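> Starting off with a structure, shown below.
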Amino acid sequence: MNATNRTALWRVTFVAVAAAAMSLPAQSTQPSLSAGITVVSTNVFQNQDFQLMVVIRLNGVRAEKNSEVLALPDSSALTIGSFKELPTQQFTENGQACELRRSFCTARAKAAGSLEIAPTIRVRVPTGMPA
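With the numbering used here, letter number 125 in the sequence shown gets 326, and the count goes up by one each step, no holes.
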């Protein structure tokens with residue numbers, strides 16, 4: 202590996218984002234939806250690949266399968282690959298149908314420095330659909 206590509210440390214800051222401001226405790230019996238993004242490693246060198254993971258948790262809520270990740274940093278700072286979905290986990294908690302959706306992508310820092318990753322995660326919840 203070329204040492205010059207690993208000279209500058211690049212720090213990633215992630216900010217968890219609640220979709221539609223409906224983030225409730227996991228033990229709640231109320232329907233809820235929460236979403237966030239995490240970075241697998243926060244100390245990344247310039248030109249090093251790292252993983253971004255989007256997690257959406259639905260408790261007693263039905264939502265369309267396709268979600269959107271908006272307002273990511275522009276391509277001058279970060280190269281972001283396509284998000285790939287992992288298998289959906291379905292389970293019951295406190296008598297409610299729950300679902301955990303996860304998607305990941307590979308990203309690469311283009312320059313040294315700090316960058317905040319705080320996207321908007323859009324999840325469409327159709328009205329009139331029982332859970």
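Don't be surprised by glycine CBs; every beta carbon is placed ideally from N, CA and C. Please read all numbers here as calculations on a predicted model, not as lab measurements.
Measuring only the C-alpha atoms, how far is Thr328 from Ala264?
By one-based count along the sequence shown, residue 328 stands at place 127. By one-based count along the sequence shown, residue 264 stands at place 63. Each residue's Cα considered, the two are about 9 Å apart.
> Within 10 Å of its beta-carbon, does Leu253 have 16 or more other beta-carbons around it, so buried, or fewer, so exposed?
Looking up residue 253 in the sequence shown gives position 52. With 16 or more Cβ atoms within 10 Å of its Cβ, Leu253 is classed as buried.
> Taking the alpha carbon of Ser268 as the reference point, which residue from Val255, Leu279, Val262 has its own alpha carbon closest?
Within the sequence shown, residue 268 is the residue found at index 67, counting from 1. It is Val255 whose Cα lies nearest to the Cα of Ser268.
> Note down the Cα distance separating Gln247 from Ala272, rounded to an integer number of angstroms.
Counting from one through the sequence shown, the residue named residue 247 turns up at place 46. Counting from one through the sequence shown, the residue named residue 272 turns up at place 71. Taking the straight line from one Cα to the other gives about 22 Å.
> Is the segment 318-325 touching the segment 290-299 in the sense that three or more CB pairs, one from each, lie closer than 8 Å?
No, because fewer than three Cβ pairs between the segment 290-299 and the segment 318-325 fall closer than 8 Å, the two stretches do not touch.
> Going along the chain, which residues of its own chain have a beta-carbon closer than 6 Å to the beta-carbon of Arg325, five neighbours each way excluded?
Along the sequence shown, read from residue 1 onward, the residue named residue 325 stands at position 124. Answer for Arg325: Glu265, listed in chain order.
> For the beta strand (DSSP E) containing Arg325, list its first residue and its last residue.
Reading the sequence shown from its first residue, position 124 is the one you call residue 325. Arg325 -> no beta strand (DSSP E), and no H or E assigned at all.
> Going by CA-CA distance only, name the one from Thr243, Val245, Asn260, Ile238 that's closest to Gln231.
Within the sequence shown, the letter at position 30 stands for residue 231. Cα-wise, what sits closest to Gln231 is Asn260.
> Does DSSP put Asp250 in a helix, in a strand, or in coil?
For the purposes of this step, residue 250 is identified with residue 49 of the sequence shown, where counting begins at 1. Note: Asp250 maps to strand in three-state DSSP.
> Would you kindly report the start and end of the unbroken beta strand (DSSP E) that includes Thr289?
Your numbering for residue 289 matches position 88 in the sequence shown. That residue, Thr289, is in no beta strand (DSSP E); it is neither H nor E in DSSP.
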